[in-house]
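Peer 1: Input: one structure, supplied below.
Residue numbers (this note's numbering): 20 to 931.
As structure tokens, then:
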């Protein structure tokens, strides 16, 4: 068989699986089915390898070549074009050849000649006849439609979103198959993507879009945002205009336009397999390993052919494992949009370096889209150096049951920091970190707060998280609701997450990975790292949990003592995470070993290569040596086979001798064919991996593995080596103050106009307050509040700034005067008012007539009002808190005919 004959056999098979009836010219029956592929159909320039007929009319050609012609496949396009423009023999009706394919047994290229500046592209398989029929009936092609996007109505969009959408429009108009949107966390990537999807459906006339995520929680979040979206050019919601469905099974409805799915589920759908929902709960990248080298094989699925989706939007695409799972993306003949805040080199490469939007976190902070962070370091002796345990009777704890018992140690133990909270737990180390955090919380970190800011603690493991939760409750003297664990293993984690986001309690949440990335909890103002992170991208994503902006009113719903918009967050680094060396990928992707849990999940999701099965066999062998007789018996009952047999089956799957013997037995011949050997190995692999398809088996094996004891070190007490702000805090303060100085220069005319406060009568001050509010609104749009500014000046000039004051709007006057050099001390505006009030009352009381106690109560209320509002008008006296004392009438009763004189005097004297 020649290479070209071999290629044609493969092409015939692909055509048939795509719904085409393949015929020789002698057996030609163009109406035998909707789509007919006729071999060697004659034209006036020679026979075309395959002529494609739909509804009896010729619509396309296929030029077949051997596999070694793949490197020159684009040169075959001329040949295809020649046949497409040739006259087909015997065809007397009007027809036009619109579609052309160049194919080998390994590669298929496709061209639609109706596209403006038509360009060939690689496709997974041939389009189905029904698809070509729909394309022929359409008024124009998707690619042509996308050359005519209308201008975007920019109402309600940030500048970075407008830029991304307009650049996406241009990318699509230029027929770029992939586009990357790099946008800082909190800048509105999903909103941008939904807008793009809306425009693609409405103006690009796309039929169906896949929104691809890598965790179930991200899918649920995306679904909520799609359902809540309303376009600017239509009063109806997105879900009223288009069908939106988050996939929960292997069925994809054909009547919806937006399908939301995890990459894991989409792979299982294409493979025709059901997916255990637990596989969707953890980020797919958690199961990517250095041992999983072979890409996931995707085969043609007639129910969901490659043309099923016109576009794929990959959310948080920094976590997609392109080298292993790229076939899930490349299976579909679709455009691909990537969304990420933290791209790496692989991301840029996958998207052909077509970056349509670059909006880094640094720019987002400058624009007030994100808030920046301060870093507070806690360094302890044991966290830094570990400890020594002498041989003695020591407490041990079962990781799962938490059962404790005292056992004699066989030898001295020197443990190092990486062993903490895994093999060895030192309660004093955890307590010291939490206690140090508490001691600095209301004095250094958040001096103006009355309640603990919403705080997220990153733990190493579920066991570590549980220890932290209990320690936090103990140290803060609070109940269960105060601190909760939010992990995939926790009961009803979504409900706890919702409470953390929307309710007063919990104040502190502890997680491992569940809300480390992607999930929004805007009120978070403090992140405590009690685990190190080696991946640069993962660390940036974890920091992103604190960087979201939030207005004062929304923040006060969960943190009542907040007095301003959220203007920064604090990272409490208890493990050196801000100092440790970072790499571009997660450690799991570069370590020469992986966990049992990851290996089992890889196998369940289709990894059946030699490295993976051999590694898993070694882990089972190692586990078998660690189990006691009772556990071995239970293993056999749950799994159906002994651990030794499971390991043996895994090793046999790639043992050539075992494969050969099985093939001989199956075929009853001494020289089995290559096909028989392949089938024998396939059967052995299926037998080996079968136990791991059952989630109960995986859970049992993982629980047995984890059930071994931890040493509880109650001997070594920890101590604080350092607790204080990182030097970066000064740099951050410099940046904030410099931004403020630039703001003053840009708004100098408005600021000078505010000086009427000091030179004109109080009657003009109402207007001045409005000017001040407008100025402050501009400042806050840059992410800077009075409170934040005050703290930054306190860091840079501690001897000239009064610390820990409850900053308010009028203090902006004090800050401006301090920055412009009108005063060399930064004190609250209220201090000035209080001082002037004291002098004024002393002067008034020096005469024959003194203010009564009732009158003084009134005057103190008025003084407080002026301190926050610059002035007071008679009508203000009917508002809170004056209304409780009788309002304007009560004031008149207290002061009589002098009431207007008193108000005017106070307006002048107290701010003089």
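For glycine and all other residues, C-beta sits at the position ideal for the given N, C-alpha and C.
Kindly give me the distance between the Cβ atoms of residue 211 and residue 240, rounded to whole angstroms, as I take these residues to be in contact under 8 angstroms.
Peer 2: No, residue 211 and residue 240 are not in contact; Cβ-Cβ is about 15 angstroms, not under 8 angstroms.
Peer 1: For residue 362, is the classification buried or exposed, using 16 other Cβ atoms within 10 angstroms of its Cβ as the cut-off for buried?
Peer 2: buried
Peer 1: DSSP has residue 974 in a bridge; who is on the other side?
Peer 2: This structure cannot settle anything about residue 974, because the visible part of the chain is limited to 20 through 931.
Peer 1: Using a Cβ-Cβ cutoff of less than 7 angstroms, which residues in the same chain neighbour residue 34 once the five nearest sequence positions on both sides are dropped?
Peer 2: 41, 56, 145
Peer 1: Using 8 angstroms as the Cβ pair cut-off and three pairs as the minimum, do the segment 547 to 561 and the segment 467 to 480 touch?
Peer 2: yes
Peer 1: Select from 521, 334, 199 the residue whose C-alpha is nearest the C-alpha of residue 1.
Peer 2: There is simply no residue 1 to check, as the chain begins at 20 and stops at 931 in what is shown.
Peer 1: Going by DSSP in three states, residue 555 sits in which element: helix, strand or coil?
Peer 2: helix
Peer 1: Taking residue 136 and residue 392 to be in contact with their CB atoms under 8 angstroms, please state how far apart those CB atoms are, rounded to whole angstroms.
Peer 2: The pair is not a contact, with the Cβ atoms about 47 angstroms apart (cut-off 8 angstroms).
Peer 1: Taking 6 angstroms as the limit between beta carbons, can you name the residues of its chain near residue 778, skipping five residues before and five after?
Peer 2: Low confidence applies here, because residue 778 scores a pLDDT of 46, under 50, leaving its location unreliable; read the following figure in that light. Cβ neighbours of residue 778 beyond the five flanking positions: none.
Peer 1: Does DSSP put residue 486 in a helix, in a strand, or in coil?
Peer 2: helix
Peer 1: If we ignore side chains and look at the alpha-carbon of each, how far apart do residue 254 and residue 174 end up?
Peer 2: 14 angstroms
Peer 1: Which runs of the alpha helix (DSSP H) at least 4 residues long sit entirely within the segment 803 to 865? Give them in chain order.
Peer 2: 805 to 815, 830 to 838, 848 to 864, all fully within the segment 803 to 865.
Peer 1: Ignore the nearest five residues each way along the sequence and tell me which others in residue 306's own chain have a CB closer than 6 angstroms to its CB.
Peer 2: Caution applies to residue 306, whose pLDDT of 44 falls short of 50 and renders its modelled position unreliable; the value that the coordinates give is listed next. Once the five neighbours on either side are set aside, the close Cβ partners of residue 306 are 617, 620, 621.
Peer 1: Is the segment 573 to 589 touching the segment 214 to 221 in the sense that three or more CB pairs, one from each, lie closer than 8 angstroms?
Peer 2: no
Peer 1: Quick one: grab the DSSP three-state call for residue 434.
Peer 2: strand
Peer 1: Kindly indicate which residue of 78, 797, 221 has the alpha-carbon position closest to the one of residue 761.
Peer 2: 797
Peer 1: Measuring alpha carbon to alpha carbon, tell me which of 182, 738, 542, 646 ends up nearest residue 520.
Peer 2: When each option's Cα is compared against that of residue 520, the closest is 542.
Peer 1: I need the straight-line Cα distance from residue 615 to residue 372, nearest angstrom please.
Peer 2: 36 angstroms
Peer 1: Apart from the five residues on each side of it in sequence, which residues of its chain come closer than 8 angstroms, Cβ to Cβ, to residue 848?
Peer 2: 827, 829, 830, 832, 833, 886
Peer 1: Return the residue from the list 757, 745, 839 that minimises the CA-CA distance to residue 767.
Peer 2: 839
Peer 1: To which residues does DSSP link residue 529 through a beta bridge?
Peer 2: 476, 504
Peer 1: Starting from residue 678, follow the alpha helix (DSSP H) in both directions and report where the run begins and ends.
Peer 2: That run of the alpha helix (DSSP H) goes 675 to 686.
Peer 1: For residue 567, tell me which candidate among 412, 875, 389 has the shortest Cα-Cα distance.
Peer 2: 389
Peer 1: Using a threshold of 9 angstroms, state whether the C-beta atoms of residue 439 and residue 405 are closer than that.
Peer 2: yes
Peer 1: Please list, in chain order, all residues of the same chain as residue 169 whose beta carbon is under 7 angstroms from its beta carbon, the five residues on each side excluded.
Peer 2: 222
Peer 1: Please report the straight-line C-alpha distance between residue 605 and residue 555, rounded to a whole angstrom.
Peer 2: Since pLDDT at residue 605 reaches only 38, below the 50 mark, its modelled position is unreliable, and no value is offered.
Peer 1: Roughly how far, in whole angstroms, is the beta-carbon of residue 394 from the beta-carbon of residue 590, given that I think they are within contact range, below 8 angstroms?
Peer 2: 5 angstroms
Peer 1: Quick check: what's the CA-CA separation for residue 191 versus residue 224?
Peer 2: 13 angstroms
Peer 1: Identify whether residue 884 lies in helix, strand or coil by the three-state DSSP scheme.
Peer 2: helix
Peer 1: State the DSSP-derived secondary structure class of residue 201, mapped to helix, strand or coil.
Peer 2: strand
Peer 1: Since residue 377 sits in a beta bridge, which residues does DSSP pair it with?
Peer 2: 201
Peer 1: Specify whether the segment 697 to 708 and the segment 638 to 645 touch according to this definition: at least 3 beta carbon pairs, one from each stretch, less than 8 angstroms apart.
Peer 2: no
Peer 1: Taking Cβ to Cβ, would you say residue 457 is nearer than 9 angstroms to residue 494?
Peer 2: yes
Peer 1: For a quick check, are the C-beta atoms of residue 408 and residue 426 less than 9 angstroms apart?
Peer 2: no
Peer 1: Distance check for residue 285 and residue 319, CA to CA, integer angstroms please.
Peer 2: 13 angstroms
Peer 1: Any idea what DSSP makes of residue 401, helix, strand or coil?
Peer 2: If DSSP states are grouped into helix, strand and coil, residue 401 belongs with the helices.
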